[in-house]
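Here it is as structure tokens:
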């Protein structure tokens, strides 16, 4: 019996599940969809959560203390997406393929936002990744860019220990 329990037990990810839950809550805040024009759809919510998650992961990857938390956060993302896919009726046979594609999408977003931040603007990355190529009104795009950059700045000012402790800075 213990062997079965160990085989099917969830790995201990420390405080990453709490941090991930806070990321999801932040990505679901209505202002992104109202003022920011992010489509309030399954894809739009995925994209917004991925954008917030990317800002957190980019902060964590910049500090050796944050790297393990970033990895655990990615594992929480995979676990959540697995459950979401199954909930909408995706079968066991193709769940892995969908998860692989979603991880590729997250990795692509991390790269696009990292490059945009280095270049001084994430607008192009937002249009391509958050709005899937269909640019919203300029005011909506400017709103999301401003809010994500403000998040990035708050995250940069917060000690990595707070993220490792499972807290998302306000």
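In this note's numbering, the protein residues as written are 2 to 171. All C-beta atoms, glycine included, are put in the ideal place defined by N, C-alpha and C.
State yes or no: is the C-beta of residue 126 within less than 7 Å of the C-beta of residue 114? Within the chain shown, residue 126 is the residue found at index 125, counting from 1. Within the chain shown, residue 114 is the residue found at index 113, counting from 1. Their beta carbons are under 7 Å apart, which means residue 126 touches residue 114 by this criterion.
Reduced DSSP secondary structure (H/G/I, E/B, other) of residue 148: Here residue 148 is taken as the residue at index 147 of the chain shown, counted from 1. Annotated three-state conformation of residue 148 is helix, per DSSP.
Nearest-angstrom beta carbon gap, residue 165 and residue 19 [assumed within contact, 8 Å]: Sequence index remark: in the chain shown, residue 19 carries index 18 (1-based). Sequence index remark: in the chain shown, residue 165 carries index 164 (1-based). The pair is not a contact, with the Cβ atoms about 11 Å apart (cut-off 8 Å).
Between which two residues does the alpha helix (DSSP H) holding residue 87 run? Residue mapping note: residue 87 aligns to position 86 of the chain shown, counting from 1. Here the alpha helix (DSSP H) through residue 87 covers 68-88.
In this structure, how does DSSP classify residue 29 when only helix, strand and coil are distinguished? In the chain shown, counting from the first residue as 1, residue 29 sits at position 28. Residue 29 falls in the coil class under three-state DSSP.
Identify, in the order they occur along the chain, each residue of the same chain with its Cβ nearer than 7 Å to the Cβ of residue 5, setting aside the five sequence neighbours on each side. In the chain shown, residue 5 corresponds to position 4, counting from 1. Below a pLDDT of 50, predicted positions are generally treated as unreliable, and residue 5, at 49, falls in that range; no measurement from the model is reported.
Sub-7 Å separation of residue 159 and residue 170 beta-carbons: Along the chain shown, one-based indexing puts residue 159 at 158. Along the chain shown, one-based indexing puts residue 170 at 169. Contact annotation: residue 159 and residue 170 have beta-carbon atoms nearer than 7 Å.
Is the stretch 91-101 in contact with the stretch 131-139, if contact means three or more CB pairs nearer than 8 Å? Taking 8 Å as the limit for Cβ pairs, the verdict is that the stretch 131-139 does not touch the stretch 91-101.
Using only alpha-carbon positions, find the residue among 156, 81, 149, 154 that is nearest to residue 32. Translated into the one-based positions of the chain shown, residue 32 becomes position 31. The shortest Cα separation from residue 32 among 156, 81, 149, 154 belongs to 149.
Express the C-alpha separation of residue 17 and residue 111 in angstroms, rounding to a whole number. Here residue 111 refers to the residue found at position 110 when the chain shown is read from its first residue. Here residue 17 refers to the residue found at position 16 when the chain shown is read from its first residue. Rounded to whole angstroms, residue 111 and residue 17 show a C-alpha spacing of 18 Å.
Thinking C-alpha only, which one of 65, 72, 122 is nearest residue 108? Translated into the one-based positions of the chain shown, residue 108 becomes position 107. The shortest Cα separation from residue 108 among 65, 72, 122 belongs to 72.
One question on the structure: do residue 131 and residue 52 come within less than 7 Å of each other, judged by their Cβ atoms? Here residue 131 corresponds to residue number 130 of the chain shown, with the count starting at 1. Here residue 52 corresponds to residue number 51 of the chain shown, with the count starting at 1. Yes. Within cutoff.
For my contact list, residue 141 and residue 37 are in at a C-beta cut-off of 8 Å; report their separation, rounded to the angstrom. Position 140 of the chain shown, counted from the first residue, corresponds to residue 141. Position 36 of the chain shown, counted from the first residue, corresponds to residue 37. The beta-carbon separation of residue 141 and residue 37, rounded to 5 Å, stays under the 8 Å limit for a contact.
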